[in-house]
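Worksheet: the structure to be examined is printed underneath.
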Amino acid sequence: MEKSFEPAQIESTWYERWEASGAFKPSGQGEPYCILLPPPNVTGTLHMGHAFQQTVMDMLVRYQRMRGMNTLWQVGTDHAGIATQKIVENQLAAEQKSRHDLGRDAFVERVWKWKEESGSTITNQMRRIGAAADWSRERFTMDEGLSAAVRKVFIDWYRAGLIYRGNRLVNWDPLLGTAVSDLEVNNVERDGHLWSIRYPVIGSDESVVVATTRPETMLGDVAVAVHPEDGRYAHLVGNTLKLPLTGREIPVIADDYVDKDFGTGCVKITPAHDFNDYAIGQRHNLAPINIFTLDAKVNENAPERYRGMDRYEARKAVLADLEALGLLVETKSHKLQVPVSQRSDAVIEPMLTDQWFVDLTSDVQKDGRPGGRKAITEPALDAVRSGEIKFVPENWSTTYTQWLDNIQDWCISRQLWWGHRIPAWYDEAGNIFVGEDEADARAHASVAPVGALRQDEDVLDTWFSSALWPFSTLGWPADGPVKNERGEVVANWEHDQVFLPSAVLVTGFDIIFFWVARMVMATKYFTGRAPFREVYINAIVRDAEGQKMSKSKGNTLDPLDLIDGIELEPLVEKSTRSLLIPQVREKVEKRIRKEYPEGIKAIGTDALRFTFAALASYSRTINFDLKRAEGYKAFCNKLWNAARFVLMNLPESEIAAPAGAPATEAERWILTRLKQTLGEVEQHFVSYRFDLLAQALYEFVWNEYCDWFLELAKPALNGDDAAAAASTRHTLLVVLESVLRALHPIIPFITEEIWQSVAPKLGLTEDSLMQRPWPRADQTVADDAATAEIEWFKHVLSGIRRIRSEMNISPGKTIPLLLADGDTVDRDRVAKFAAQIAFLAHTETPQWIAAGADEPAAAAAVVGTLRVLIPLAGLIDLDAEKARLAKEIARIESEIRKCEGKLGNASFVANAPAEVVAQERQRVVDWNTTLGALREQAGKLPQ
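Using our numbering, read the sequence shown as starting at 188 and increasing by one per residue.
Put into structure tokens, the structure is as follows:
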């Protein structure tokens, strides 16, 4: 092994060797275990959320593979309809062209070309973080096999009456010219205004005042609503109002939706441009009036004066006209939640358009077949309510079921060219024909087409194809092998359906609605199975202060920059290059220079992965602190140096196992602690508590193996007992090899590199650590007696070392050691470990003080009833020892108060497990024993 741990040198070679060896493919042996990668956008690059989530998945896959499971990590990318089309359209704009200049076929061909050249960025970055995925089965949502699945699902649902076309209100991006999903809309707080407008009552001197943040939409008002129990307006319900600027008459209606205590208690109703108003309009049979074109300009349904104006230009004109008529009552500042498109930054406009929908709400179709709720929605609800699918943490199941209980029909069409084109055709009479192609559509037509057919221009929502991910990636609906464009088999439903349901889905809470629920709905409908058994909802990564990561804040981190390191100037340039506002760019640069004055030093992949594991609790968010990551790089260094120490103390030949049990108590103790740690790790894998898992391994490796066992091994390695030395060498190696296996799912690169040097010493013949089995807890024998002895020994050594440190005694100086009190067990243990105590603590041979004999002034450590004494004469400052004892006494008194506080809490005693209560009571006894001994020792010091 090299003298120092250099992550870059190790990581650059091992991943290629693993992938080339086929180590990531299913073995074909053991129980199936599958994880589905949430397919990242083909346009994307690896960010902290990806790296965190994929580290969790990789840990699970590597762990289960070592446990002998037939593992498949199914990976692939999403075609990302809007994002990908926008990238290529931007490229065309730089050439002063548009997609319409190319035409649909040529444009789609260009997108495919871009995908082939640039679409593998994120999958190559996944390799950098060690993702042990089966890349030979990589899928793309637009590949031939997945496209066939999309067509079949659409056609089957349409023919079952579960897909329909209708004129409905949707989120409309006027810049991109397409409907978008709720997930693609951000509600952004902005400064705005609230305008109060007077609407005259026809045939009366009365009027009502409504308040609105969007006065231009009044041109499409169809009513004003009041609450049914609002006495102020009860006499007006059923009357009509004169809608200002339009000459139209609109009714006053009563609806429970209105909050009578908010504002004036009157609400303008514009069903064509507001989702809540749309629902009210449906309840009251009010015909909506759309006043905008698809590019958000005022159309012919509005008065001529405003036609052709942009919506914000029309707002100014409407306000000016209202003020001129004396109908603008009030204008005041108001904070708004404005819906903004993630893709274009355009303000979303609720718009009535013709779209395709999946019926998720009807109980029965017209022909008597089960409707969307019974056929699609209810089975998805039942899967979670019955426990067939479990959420971790469990509380997310409530989020899932509440959404499905209140679900709306799903808009699945997008007005794009890139994506799965809807397999529907129209004749000249407007009849719809659906099929695999035009011929199939004609063959299944219930009426004869009138004239030529034209295919629908729209494509399907990206989430539609993603909903099929659990079974389409396994080859469904093909009868045989599915091949990629290179002729390689990527799936075969006949064999691969053993991976359905997958074991666990690892994903974020923000797509429970948009992806998780839809996968359950589609998979249950078409296969009768759940898509996965468990859903682990991972936390969202934030910065060290808990702030959302944002380019405009300058607190985003690129995981590859953490792995490789980046100097200050490139970091500044990278962080500010996409910021267009000078003030924001200046603010971000200032923050970067302050927080990273020397840039970011490389920490390596393993340290980054360990950090993610250590943070992966059940919390909704996690705060990523670079200092903590640097701490885990130190852990990797510690492991590396420990392995070098072990290997340097071994002969060149293979280390044979001793004939009998391990020769020393220290060996039997470390093997017991290894067994306990492995048991904890296995439990934490089951419960997805990766933070506790990482903590257990960290503490075992750092504190017990490195800090204690390597020290405890030295007396045997340097002693005259050849058998003890040989046994200790073997145990050092066996525990190290087991630890490398246990750590491998978290930190695969360093463990593989060290293991390659360790394996020959144990006669192991596998080519890679990945081929080794998981080190099971039940394969190690516990020795409680040895553990008790070593824990006693550790306390004695710790006490001596603490006195040395606090009294500033040189670590290398040999000092006298006296012992007092204790019991027969203590005396037996001192006799057994005297040589080791003297060797490791740098003391003279321990000497007992006879009962009743005079004691010299001494500093003391207490282990049970045993007092460990370091004489003060010539070594220790008397006042300093008094201060040290006072500090220790205060600390133990504090511990006693904590325990007594718990035991004095009736709720704790009544509700905590009996063993926990008993443990607290025993701690009070033990602390009081120690306290008594310390007070006695303090009293013996000269005053």
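Glycine included, C-beta positions come from ideal geometry on N, C-alpha and C.
Residue i classed as buried or exposed, judged by whether at least 16 other C-beta atoms fall within 10 angstroms
i       : result
Ser528  : buried
Ser368  : buried
Arg807  : exposed
Ala474  : exposed
Ser584  : buried
Met835  : exposed
Glu953  : exposed
Thr1001 : exposed
Tyr182  : With the chain covering 188 to 1130 only, the question about residue 182 has no answer from this structure.
Residue range of the beta strand (DSSP E) that includes residue i
i       : result
Thr427  : 427–429
Pro538  : The displayed chain sequence assigns Met, not Pro, to residue 538. Segment 536–545, the beta strand (DSSP E) holding Met538.
Gly353  : 350–360
Ser383  : 372–387
Asp446  : Element bounds for Asp446: n/a, residue is neither H nor E.
Asp1008 : 1005–1008
Phe620  : 619–621
Leu837  : Run containing Leu837: none; DSSP gives neither H nor E here.
Pro219  : 219–223
Thr400  : Per DSSP, Thr400 belongs to no beta strand (DSSP E) and is neither H nor E.
Arg729  : 727–729
Ala1120 : Per DSSP, Ala1120 belongs to no beta strand (DSSP E); it is in the alpha helix (DSSP H), 1101–1127.
Cβ-heavy atom distance, residue i to the ligand NAP, below 7 angstroms
i      : result
Gly674 : What this structure holds is no ligand at all, so the ligand NAP is not there to describe.
Cut-off 7 angstroms between Cβ atoms - residues of its own chain near residue i, not counting five sequence neighbours on either side
i       : result
Arg377  : Leu523, Val525
Gln552  : Gly348, Gly558
Arg419  : Gly452
Ala1067 : Met994
Ser139  : The chain is shown only over 188 to 1130; residue 139 falls outside these bounds and no answer can be derived.
Ile594  : Leu547, Thr548, Thr564
Asp330  : Asn671
Ser334  : His607
Tyr250  : Phe872, Pro932, Trp961
Own chain residues within Cβ distance below 6 angstroms of residue i, not counting five before or after
i       : result
Arg855  : Pro849, Asp970, Ala973
Lys1089 : Phe1095, Glu1107
Ala717  : Ala570, Glu575, Ile576, Pro688
Asp360  : Val367, Ser528, Ser531, Ala533
Ala678  : Leu661, Gly662, Val669
Met706  : Ala654, Pro657, Pro718
Close beta carbons around residue i, own chain, < 8 angstroms, minus the five adjacent residues each side
i      : result
Gln216 : Gly255, Asn257
Arg772 : Thr763, Leu766
Pro402 : Trp382, Ile384, Arg502, Val505, Leu506, Leu509
Ala195 : Asp751, Ala789, Gly791
Terminal residues of the alpha helix (DSSP H) in which residue i lies
i       : result
Leu897  : 897–905
Trp979  : 971–993
Leu1090 : 1065–1090
Val775  : 769–782
Asn1098 : 1093–1098
Thr588  : 583–592
C-beta neighbour in chain D for residue i, strict 8 angstroms
i      : result
Arg641 : Considering every chain present, this structure includes no chain D. It has just one protein chain.
Supposed contact pair residue j and residue i - C-beta distance, whole angstroms, cut 8 angstroms
i       : j       : result
Val637  : Ile599  : Not really, about 26 angstroms apart at Cβ, beyond 8 angstroms.
Thr586  : Ile768  : 36 angstroms between Cβ atoms; not a contact.
Gln684  : Leu661  : 6 angstroms
Asp292  : Pro213  : No, Asp292 and Pro213 are not in contact; Cβ-Cβ is about 39 angstroms, not under 8 angstroms.
Ala816  : Phe877  : At roughly 15 angstroms, the Cβ-Cβ gap does not stay under 8 angstroms, so Ala816 and Phe877 are not in contact.
Val945  : Leu920  : 6 angstroms
Ile857  : Val922  : 6 angstroms
Ile724  : Val579  : 7 angstroms
Ala1125 : Leu1056 : With 8 angstroms as the limit, Ala1125 and Leu1056 do not qualify as a contact, their Cβ atoms being about 13 angstroms apart.
In DSSP terms, what residue i is bridged to
i       : result
Phe327  : Thr264
His521  : Gly379
Asp245  : DSSP, once it has assigned bridges, lists no residue as partnering Asp245.
Val439  : Val411
Asp497  : Lys484
Arg608  : Val646
Glu721  : Lys577, Val691
Arg1054 : Ala1007, Val1049
Thr258  : Tyr220
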